[in-house]
Amino acid sequence: MIITLTLNPAVDKTIYLDDFTKGTVNRVQEVRKDAGGKGINVSKVVAKLGGQTTALGFLGGAPGEFISTAISDFNIKQDFVHLDDETRTNMKIVDKSNREETEVNEPGARVNAQQLAKLESKVLKIATAEDSVVLTGSLPPGVPDDIYADLINKLQAKDIKVFLDASGTALEEGIKANPYLIKPNISELETLVDQELATVEDMIAAAEKLQEQGIEIVVISRGGEGSLVVSKEGNFKVIPPDVEPNSTIGAGDTLVGALALKLEKEASLKEALQYATAASANSVTQAGTQLCKLDEVEELLEEIEITEL
Ligand SMILES: Nc1ncnc2c1ncn2[C@@H]1O[C@H](COP(=O)(O)OP(=O)(O)O)[C@@H](O)[C@H]1O
Ligand SMILES: O=P(O)(O)OC[C@H]1O[C@](O)(COP(=O)(O)O)[C@@H](O)[C@@H]1O
């Protein structure tokens, strides 16, 4: 089973308008609300692709209830710690005139030490060596920067595979515990290695350093250009098909969720990359944070190009 941990869930409110202009009144044409936050999206992807998943994390107030109800419709098991403060709402602005996306993410509901300890004991109790755990997303106020490193150490001591997708200090601290797989995008990787990465060679070299340190698989996501992957099974360049984008929010979570699902089912890394790239390409064609659809993902499989580097 794929267990996800979302310390900072969000209701994703996506608004669509023409010619979004800062510093003036903008009139919205369409609005949609989705249950979001990185781990919750990963669970949605796993469930949509037919896998078993449990979502853990913190939820609070009416937005928390919205998320809980929405994900129960997706056949996702859930075991959240409830907070007094409200779960955040993140605004996603899609300008239809140029397809530009602007994200405005709130800091999230504050978590205290007792609530964090309760969540930590849940994940350590539920997860077994047959499971993979996905730790992902920003840290809400009150959570220490080394939380992911601490959890990775404890979970990996139980032979559990841990996937980490985070940014900034949470990622920098988290990789010290050498998770099984990380999925930085280019800017996250540049911050991590403190270096501009202009070419594919630079990106691969940066990922190889992380792999030598002990991370088994480094997937560098590159938006519409696909991904570069460094692993013991080889290094790969993966190119998605051209698709008509609607909202790219959640594409990274889709890549991670589909990879976790396929790798758990003992697909080769190359097969898992093909499937996850089809899933994330399909995800960008859907409105808001709806993510992918199984039948449409299967239709895209033959269009994925994978080259061994
Ligand atoms: N415009 C696009 N067309 C096709 N696939 C895309 C597009 N944008 C993103 N993807 C797929 O989604 C993956 C993750 O997207 P990316 O934007 O890099 O992640 P993140 O949202 O984490 O920054 C990419 O590696 C790619 O496979
Ligand atoms: O925890 P963060 O970094 O603020 O990100 C949360 C946001 O990221 C998302 O999970 C989307 O992430 P990706 O576009 O990177 O896949 C949204 O659902 C959510 O609003």
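No gaps in the numbering here: position 244 of the sequence shown is 290 in this note's numbering, and each next residue is one more. Glycine is no exception: its CB is placed at the ideal position from the N, C-alpha and C atoms.
Asked: Below 6 Å, is the gap between the Cβ of G270 and the nearest heavy atom of ligand 1?; Found: yes
Asked: Name the one or two DSSP bridge partners that V140 has.; Found: Y62, E147
Asked: Consider the C-beta atom of S293 and the heavy atoms of ligand 2; say whether any pair is separated by less than 6 Å.; Found: no
Asked: Which residue or residues does DSSP assign as beta-bridge partners of T135?; Found: V57
Asked: If you count every other CB in all the chains shown that lies within 10 Å of the CB of S167, and 16 or more means buried, which is it?; Found: exposed
Asked: Does the distance between the C-beta of S267 and the nearest non-hydrogen atom of ligand 1 fall short of 6 Å?; Found: yes
Asked: Within its chain, find whatever has a CB closer than 7 Å to the CB of E260; leave out the 5 residues flanking it on each side and keep chain order.; Found: Note on residue identity: the sequence assigns Gly, not Glu, to residue 260. Hits under 7 Å: N224.
Asked: Does the region 277 to 290 come close enough to the region 124 to 133 to have 3 or more Cβ pairs within less than 8 Å?; Found: no
Asked: In the structure shown, what three-state DSSP assignment does T50 receive?; Found: strand
Asked: Who are the near neighbours of I263 in its chain, counting only those whose CB is closer than 6 Å to its CB and skipping five residues on each side?; Found: L227, S277
Asked: Note the first and the last residue of the continuous alpha helix (DSSP H) segment covering I172.; Found: 159 to 172
Asked: Cβ-heavy atom distance between S277 and ligand 1 below 6 Å?; Found: no
Asked: Let me know if A159 comes out buried or exposed under the rule of 16 or more other beta-carbons within 10 Å of its beta-carbon.; Found: exposed
Asked: According to DSSP, is A306 helix, strand or coil?; Found: helix
Asked: Whose C-alpha, out of T335, S233, L346, is nearest the C-alpha of P55?; Found: T335
Asked: Would you kindly work out how many angstroms separate the C-alpha atoms of V180 and S233, rounded to a whole number?; Found: 21 Å
Asked: Between the Cα of D177 and the Cα atoms of V71, L307, E242, which residue gives the shortest distance?; Found: L307
Asked: How far does the beta strand (DSSP E) with F209 in it reach, from first residue to last?; Found: 207 to 211
Asked: Residue range of the alpha helix (DSSP H) that D438 falls in?; Found: Here the chain has residues from 47 to 355 only, and residue 438 is not among them.
Asked: Buried or exposed: Q161, going by 16 or more other Cβ atoms within 10 Å of its Cβ?; Found: buried
Asked: Sorted by chain position, which residues of the same chain lie with C-beta nearer than 6 Å to V77's C-beta, five sequence neighbours on each side aside?; Found: I61
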